[in-house]
Amino acid sequence: MTVQPSVRNLSINGDRLWDSLMEMAKIGKTAKDGVCRLALTDLDRESRDLFIKWCKAESCTIRIDKMGNIFARREGRNPDLPPVVMGSHLDSQPTGGKYDGVYGVLSGLEVIRALNEAKYETEAPLEVVCWTNEEGSRFAPAMVASGVFAKVFDLEYGHSRADVDGKTMGEELKRIGYLGDDEATIDAHPMGAYFEAHIEQGPILEDEGKDIGIVTDAQGQRWYEIKFTGVEAHAGPTPMKTRKDALLGAARVVDLVNRIGLDRSPLACATVGMMQIHPNSRNVIPGEVFFTVDFRHPDDAVLADMDKALREGVEKIASEIGLKTEFEQIFYYAPVPFDKTCVDAVRNAVEIGGYSAREIVSGAGHDACYLAQVTPTAMIFIPCVDGISHNEIEEVHKHWSDAGGQVLLHAVLAKADETVMKQSV
Numbered sequence: 001m002t003v004q005p006s007v008r009n010l011s012i013n014g015d016r017l018w019d020s021l022m023e024m025a026k027i028g029k030t031a032k033d034g035v036c037r038l039a040l041t042d043l044d045r046e047s048r049d050l051f052i053k054w055c056k057a058e059s060c061t062i063r064i065d066k067m068g069n070i071f072a073r074r075e076g077r078n079p080d081l082p083p084v085v086m087g088s089h090l091d092s093q094p095t096g097g098k099y100d101g102v103y104g105v106l107s108g109l110e111v112i113r114a115l116n117e118a119k120y121e122t123e124a125p126l127e128v129v130c131w132t133n134e135e136g137s138r139f140a141p142a143m144v145a146s147g148v149f150a151k152v153f154d155l156e157y158g159h160s161r162a163d164v165d166g167k168t169m170g171e172e173l174k175r176i177g178y179l180g181d182d183e184a185t186i187d188a189h190p191m192g193a194y195f196e197a198h199i200e201q202g203p204i205l206e207d208e209g210k211d212i213g214i215v216t217d218a219q220g221q222r223w224y225e226i227k228f229t230g231v232e233a234h235a236g237p238t239p240m241k242t243r244k245d246a247l248l249g250a251a252r253v254v255d256l257v258n259r260i261g262l263d264r265s266p267l268a269c270a271t272v273g274m275m276q277i278h279p280n281s282r283n284v285i286p287g288e289v290f291f292t293v294d295f296r297h298p299d300d301a302v303l304a305d306m307d308k309a310l311r312e313g314v315e316k317i318a319s320e321i322g323l324k325t326e327f328e329q330i331f332y333y334a335p336v337p338f339d340k341t342c343v344d345a346v347r348n349a350v351e352i353g354g355y356s357a358r359e360i361v362s363g364a365g366h367d368a369c370y371l372a373q374v375t376p377t378a379m380i381f382i383p384c385v386d387g388i389s390h391n392e393i394e395e396v397h398k399h400w401s402d403a404g405g406q407v408l409l410h411a412v413l414a415k416a417d418e419t420v421m422k423q424s425v
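Here is the structure:
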């Protein structure tokens, strides 16, 4: 009979995790030492191929579903139990950093490597998942593949999401060879629990000198796409009072969005992050402007109030200038409370490691927000330097990476061996 090593003595290899992060960062490396791996591009395919290669080296079996989500499985003593799953994403922003998303995937892989090295067998199987198109940069909305998995969206909706060139997710999944055969829902692939390790993407943990963020909740979000249509006209002969300037309308909405956020601060966030102007000529009054709005708040009632203020403000601004309006909310999820037992597993793992920590609410959206609707879920945050993310200069210190991986290991073990622990009490 093989004697299992003590759980408390199990440890990840921080150097190996760090080396893997640096190796993956070579794919799509940018001039400022960040990465550009937009979803379902050739570079995304290259990162997926490397991830699968590493997983197969650890004797994991690989499953790919119809949304291109990749599941790498390490069997447990009881294969009938649903797996405890770790993961995040490999796609990035156009000027993204080396850790956003990929840290959660590779820290999950490191947990499996460490357990293999220690010859430790968990009761429940373990899996590492790489979700498709978390960022929503190339295909909107964000987290669409985990949303299909959680049955928020159907498969047809997921496959039909198109980039600015009209290429759809379904087409691009097939092109890069990641259109899998398995059904892409929780019904086809039950989970016992889901843990996602991630950089904070904000300054709180570093400012307070904490190693770990124990994530209790995530903010709700609403995303909008708005188009103003006015009249293109010559910038010289057209009197100011007769103009139907679509950009003027958009500029007023930018100010409105900012005021909506400030009026409901400090927890509210309100952003116009994308704008396309037509015809975009220096001596033509813009006749059409497309732009996006992003609202976030941990209180759903406040988020609804922000929505009301935006709709009323857009209608008033368009009427005053004489613009036609197309207004669509393309993405919404309510604030997300994470599972208490999973959060407690993270809290206990922090204590085992002797790390400093604080409870924190996620200001960003993550695949975990959709998974929390269908399976017990928690997140683990590590600090990032100056709170900077979605930026090529995004950085973390290695000891933060080590701490997050160690906490992930012990949190996952607590859930994967839960039935054994209950029987031994």
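So in the UniProt record's numbering, spot 226 of the sequence shown is number 226, and the numbers just go up one at a time. Positions of the beta carbon are idealized from the N, C-alpha and C atoms, including for glycine.
{"Check": "Straight-line gap, Ala416 to Thr377 (C-alpha atoms, nearest Å)", "Outcome": "13 Å"}
{"Check": "Whole alpha helix (DSSP H) elements within the stretch 331-369, 4-residue minimum", "Outcome": "340-353"}
{"Check": "Cys269, DSSP secondary structure in three states", "Outcome": "strand"}
{"Check": "Rounded separation between Gly313 and Pro141 - CA only", "Outcome": "24 Å"}
{"Check": "Beta-ladder partner(s) of Thr229, from DSSP", "Outcome": "Glu288, Lys324"}
{"Check": "Collapsed DSSP secondary structure at Cys384 in the structure displayed", "Outcome": "coil"}
{"Check": "Extent of the continuous beta strand (DSSP E) run through Met275", "Outcome": "275-278"}
{"Check": "Alpha carbon of Asp49 to alpha carbon of Thr132, nearest angstrom", "Outcome": "14 Å"}
{"Check": "Contact set for Asp367: own chain, Cβ-Cβ below 6 Å, skip 5 residues either direction", "Outcome": "Trp131, Glu134, Met143, Ser146"}
{"Check": "Proximity of Asp245 and Ile285 at Cβ, strictly below 8 Å", "Outcome": "yes"}
{"Check": "Closest residue to Lys227 among Thr168, Ala218, Pro82, Gly249 (Cα-Cα distance)", "Outcome": "Gly249"}
{"Check": "Helix, strand or coil at Arg311 [DSSP, three-state]", "Outcome": "helix"}
{"Check": "Distance cut-off 7 Å: Pro239 Cβ against heavy atoms of the ligand HEM", "Outcome": "Ligands in the displayed structure: none, and consequently the ligand HEM is not present."}
{"Check": "Start-to-end residues for the beta strand (DSSP E) that takes in Val374", "Outcome": "Element bounds for Val374: n/a, residue is neither H nor E."}
{"Check": "Residues that Leu126 bridges to, as DSSP identifies them", "Outcome": "Arg74, Val84"}
{"Check": "Glu217, DSSP secondary structure in three states", "Outcome": "It is worth fixing the name first, because residue 217 is Asp in this sequence and not Glu. If DSSP states are grouped into helix, strand and coil, Asp217 belongs with the strands."}
{"Check": "Arg37 to Asn78 span [Cα, whole Å]", "Outcome": "37 Å"}
{"Check": "Close Cβ partners of Gly104 (< 8 Å) along its chain, the five nearest in sequence each way excluded", "Outcome": "Met86, Gly87, Ser88, His89, Glu196, Ala197, His198"}
{"Check": "For Ala246, the three-state DSSP class (helix, strand or coil)", "Outcome": "helix"}
{"Check": "Inter-stretch contact at 8 Å, needing at least 3 Cβ pairs: the stretch 286-303 / the stretch 198-213", "Outcome": "no"}
{"Check": "Local Cβ density within 10 Å of Arg282, reported as buried at 16 or more and exposed below that", "Outcome": "exposed"}
{"Check": "Own chain, CB closer than 6 Å to Ile62, minus 5 neighbours either side, in chain order", "Outcome": "Ile52, Ala72"}
{"Check": "Coarse secondary structure for Gly14, derived from DSSP in three states", "Outcome": "helix"}
{"Check": "Beta strand (DSSP E) segment containing His198, residue limits", "Outcome": "193-199"}
{"Check": "Whole-angstrom C-beta distance between Ala364 and Val407, which should lie under 8 Å", "Outcome": "With 8 Å as the limit, Val407 and Ala364 do not qualify as a contact, their Cβ atoms being about 19 Å apart."}
{"Check": "Range covered by the beta strand (DSSP E) that runs through Ile62", "Outcome": "61-64"}
{"Check": "Boundaries (first-last residue) of the alpha helix (DSSP H) holding Gly104", "Outcome": "102-118"}
{"Check": "Phe149 (DSSP reduced to helix, strand or coil)", "Outcome": "helix"}
{"Check": "For Met24 and Ser47, the rounded distance between their alpha carbons", "Outcome": "7 Å"}
{"Check": "Continuous alpha helix (DSSP H) stretch holding Ser160: start and end", "Outcome": "155-160"}
{"Check": "Separation of Met274 from Thr238, as counted between CA atoms", "Outcome": "28 Å"}
{"Check": "Distance between Ala334 and Gly14 (C-alpha atoms, nearest Å)", "Outcome": "36 Å"}
{"Check": "Cβ-Cβ distance between Asp100 and Gln221 below 8 Å", "Outcome": "no"}
{"Check": "From Val231, Gly76, Thr242, Leu413, residue whose alpha carbon lies closest to that of Lys324", "Outcome": "Val231"}
{"Check": "Close Cβ partners of Leu10 (< 8 Å) along its chain, the five nearest in sequence each way excluded", "Outcome": "Ala114, Leu115, Ala118, Tyr120, Leu409, His410, Leu413"}
{"Check": "Bounding residues of the alpha helix (DSSP H) (the contiguous stretch that carries Asp33)", "Outcome": "Careful: Asp33 lies outside any alpha helix (DSSP H) and carries neither H nor E."}
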